[in-house]
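Asks: In terms of numbering that gives the first Met the number 0, the sequence shown opens at residue 0 and continues consecutively.
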Amino acid sequence: MKKNVQRSNSPVTIKDIASVLSVSNATVSRALADSPLISDRTKNRVRTVAAELGYVPDNIARMMRGEASNLVGFILPDVQNHFYSAMAKMLAENVSTIGLQLVLAISEGDPERELRHVRELRRARAQGIIVTPVADMLPETADLLSGMRTVQLVRSHPLVTADLVTAQDARAISVSTQYLLELGHRKIAYLGGGAEILDSGTNRLAGYRRAMSQVEGGVCMEVLTAPYPENGYSAARQILEHATPPSGLVIGSSQLAVGVLRAIREMNIRVPQDLSVISYDDPDWLQLCGPGISTIALPIAEMAHQAVNLIDARYQAKTDRLEFAVDSLGPAAKHFSFPVSLVERGSCMPPAI
0 MKKNVQRSNS PVTIKDIASV LSVSNATVSR ALADSPLISD RTKNRVRTVA AELGYVPDNI
60 ARMMRGEASN LVGFILPDVQ NHFYSAMAKM LAENVSTIGL QLVLAISEGD PERELRHVRE
120 LRRARAQGII VTPVADMLPE TADLLSGMRT VQLVRSHPLV TADLVTAQDA RAISVSTQYL
180 LELGHRKIAY LGGGAEILDS GTNRLAGYRR AMSQVEGGVC MEVLTAPYPE NGYSAARQIL
240 EHATPPSGLV IGSSQLAVGV LRAIREMNIR VPQDLSVISY DDPDWLQLCG PGISTIALPI
300 AEMAHQAVNL IDARYQAKTD RLEFAVDSLG PAAKHFSFPV SLVERGSCMP PAI
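1. Starting from the N-terminal side, write out each stretch of the beta strand (DSSP E) that is 3 residues or longer and does not extend beyond the region 214-244.
2. Counting only the same chain and skipping the five closest in sequence on each side, list residues whose C-beta sits under 6 Å from that of Met302.
3. Measuring CA to CA, which of Asn43, Val11, Lys42, Leu101 is closest to Ala91?
4. Starting from Ile352, trace the beta strand (DSSP E) both ways and give me its first and last residue.
5. Would Gly183 be called buried (16 or more neighbouring beta carbons within 10 Å of its own) or exposed?
6. Taking one C-beta from the region 228-236 and one from the region 276-291 each time, how about it: are there three or more such pairs within less than 8 Å?
7. Determine the burial state of Glu240: buried for a count of at least 16 other Cβ atoms within 10 Å of its Cβ, exposed for fewer.
8. Using 8 Å as the Cβ pair cut-off and three pairs as the minimum, do the region 304-319 and the region 251-263 touch?
9. Should Pro245 go down as buried or exposed, given a rule of 16 or more other Cβ atoms within 10 Å for buried?
10. Which residue comes first and which comes last in the alpha helix (DSSP H) that contains Ile310?
11. May I have the straight-line CA-CA distance separating Gly127 from Lys14, to the nearest angstrom?
12. Are the CB atoms of Arg203 and Ala256 nearer to each other than 8 Å?
13. Taking the alpha carbon of His81 as the reference point, which residue from Ile352, Leu297, Arg344, Leu223 has its own alpha carbon closest?
14. Rounded to a whole number of angstroms, what is the C-alpha to C-alpha distance between Asp33 and Leu143?
15. Please determine whether the Cβ atom of Leu255 lies at a distance below 7 Å from any heavy atom of the ligand ATP.
16. Name the residue from Thr201, Leu285, Gly217 whose alpha carbon lies nearest to the alpha carbon of Leu223.
17. Quick one: what does DSSP say Leu140 is sitting in, helix, strand or coil?
18. Counting only runs that start and end within the region 151-217, where is the beta strand (DSSP E) found for 3 or more residues in a row?
19. Span of the alpha helix (DSSP H) holding Thr26?
20. How many Å lie between Thr96 and Pro35 at the Cα?
21. What three-state label does DSSP hand Thr294 in the structure shown?
22. Name the two residues that bound the continuous alpha helix (DSSP H) containing Leu90.
23. Since Val55 is in the beta strand (DSSP E), which residue starts that stretch and which ends it?
24. Give me whichever residues DSSP pairs with Val48 in a beta bridge.
25. Which residues in the same chain as Ala85 place their Cβ atom closer than 6 Å to its Cβ, once the five residues preceding and following it in sequence are excluded?
26. Cutting at 6 Å between CB atoms, please list the residues of its own chain near Glu221, excluding the five before and the five after it.
27. Report the rounded CA-to-CA distance for Ala242 versus Arg236, giving the unit in angstroms.
28. On the CB-based measure, 16 or more other CB atoms within 10 Å of its CB, does Ser31 come out buried or exposed?
29. Considering only residues of the same chain and omitting the five flanking positions on each side of Leu70, which have a CB-CB separation below 6 Å?
30. Using a Cβ-Cβ cutoff of less than 8 Å, which residues in the same chain neighbour Thr41 once the five nearest sequence positions on both sides are dropped?
31. In its own chain, which residues sit with a C-beta less than 8 Å from the C-beta of Pro412, not counting the 5 before and 5 after it?
32. May I have the straight-line CA-CA distance separating Gln286 from Val342, to the nearest angstrom?
33. Tell me His334's beta-bridge partners as DSSP assigns them.
34. Do you know offhand how far Val153's Cα is from Ala351's?
35. Got a sec, what are the start and stop residues for the alpha helix (DSSP H) Val19 sits in?
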């Protein structure tokens with residue numbers, strides 16, 4: 000039911016519009032942002048009343064009143080990594096559907112830079128932060144993140160109390176390794192990230208070890224390094240120049256895979272005749288390398304949707320007060336872990352006898 004519309008000398012707020020229409024503040028906010036979650040009929044009603052009242056959006060005024068802005072931050076370590084660029088795209092789409100705007104900040108794994116990004120997003124009164132944390136996070140950063148609506152993505156930092164969205168990392172690498180074992184490989188190397196990727200690296204390594212432990216005669220070779228192409232290149236040379244090189248290689252990062260494939264080409268190693276290779280994540284270019292590289296595809300769309308839902312749900316729980324920060328997490332922090340899938344291409348075959 001629409002109440003009588005009366006202009007006031009005071010600036011018109013979303014709350015005023017909501018009161019006239021007897022709807023929630025969140026409904027008005029989303030309608031004004033043209034969110035697809037709101038019906039056209041409701042949008043038209045909101046816009047009509049907003050015009051009648053003389054409403055003018057004022058993000059600066061909202062910030063000065065201690066209200067949340069329409070921003071959601073995404074702090075990622077490496078924009079050149081396919082996973083994070085694809086994730087940013089999906090997060091932006093999901094954030095837009097609820098009338099908000101995604102802001103990207105790149106930490107490059109630098110704890111000082113990460114802290115600056117968090118401070119700026121707090122200063123901008125972001126509704127929430129989605130972050131892939133750096134390993135050596137500063138205590139101040141952890142305190143700030145724990146006091147905001149935060150979702151940790153891909154991996155978690157032990158100092159941060161926040162919701163967590165991941166892929167099933169241990170299962171991903173376990174499935175990869177098991178796939179090679181079922182083809183008859185017994186000496187299988189694993190090349191993955193080290194301590195700098197926190198529990199995601201630990202979980203992937205655990206998946207490899209678990210699969211290798213379940214077969215007789217399995218020979219392990221583990222090389223852990225930072226997930227960048229140049230590291231993948233040098234690590235691959237180390238593995239493949241071994242006196243008894245493996246017949247199968249599991250790669251724990253698409254960035255490492257870039258360097259691995261370069262080393263393989265330079266060493267004139269044939270895939271899969273000389274070496275079976277399986278990667279992690281599924282950028283388009285993996286299909287174009289030689290016979291096509293088998294890999295583990297990650298549920299990027301599902302992870303993005305869940306991360307944004309968590310931010311929005313915690314914000315809506317405080318709709319009446321609209322603070323940008325949280326006094327506590329309310330319901331206990333939640334962990335959502337999404338299944339992965341094996342993509343078979345032409346880079347794996349039984350080992351040569």
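We put the beta carbon where it would ideally sit given N, CA and C, even for glycine.
From a predicted model like this one, the values you see are computed outputs, not experimental measurements.
Replies: On the basis of the coordinates in this document:
1. Along the region 214-244, the beta strand (DSSP E) occurs as fully enclosed runs of 3 or more residues at 218-223, listed in sequence order.
2. Val164, Phe337
3. Leu101
4. Ile352 -> no beta strand (DSSP E), and no H or E assigned at all.
5. Looking at its Cβ environment, which holds fewer than 16 other Cβ atoms inside 10 Å, Gly183 is exposed.
6. Three or more Cβ pairs closer than 8 Å define a contact, and the region 228-236 falls short of that threshold against the region 276-291.
7. Residue environment: Glu240 is assigned as exposed (fewer than 16 neighbouring CB atoms within 10 Å of its CB, all protein chains considered).
8. no
9. buried
10. 299-315
11. Looking at the two C-alpha atoms, the distance is approximately 21 Å.
12. Their beta carbons are not under 8 Å apart, which means Arg203 does not touch Ala256 by this criterion.
13. Leu297
14. 31 Å
15. Although the ligand ATP was asked about, the structure shown includes no ligands whatsoever.
16. Thr201 is the residue among Thr201, Leu285, Gly217 whose C-alpha sits nearest the C-alpha of Leu223.
17. Sequence check: residue 140 is Thr here, not Leu. If DSSP states are grouped into helix, strand and coil, Thr140 belongs with the helices.
18. Listed in chain order, the complete beta strand (DSSP E) runs (minimum 3 residues) inside the region 151-217 are 162-166, 186-191.
19. 24-31
20. 6 Å
21. strand
22. 81-96
23. Element bounds for Val55: n/a, residue is neither H nor E.
24. Beta-bridge pairing links Val48 to no other residue.
25. Answer for Ala85: Ile299, listed in chain order.
26. Take Glu221, set aside five residues on each side of it, and the residues of its chain with a beta-carbon closer than 6 Å to its own are Tyr189, in chain order.
27. Each residue's alpha carbon lies about 12 Å from the other.
28. Here residue 31 turns out to be Leu, not Ser, going by the sequence shown. Counting Cβ neighbours within 10 Å, Leu31 comes out buried, since at least 16 surround it.
29. Gln100, Val102, Ala123, Ala125
30. Val22, Thr26, Ala30
31. Here the chain covers residues 0 to 352 and nothing more, so residue 412 does not appear.
32. 10 Å
33. When DSSP reads this structure, His334 sits in a beta bridge with Leu163.
34. 37 Å
35. 13-20
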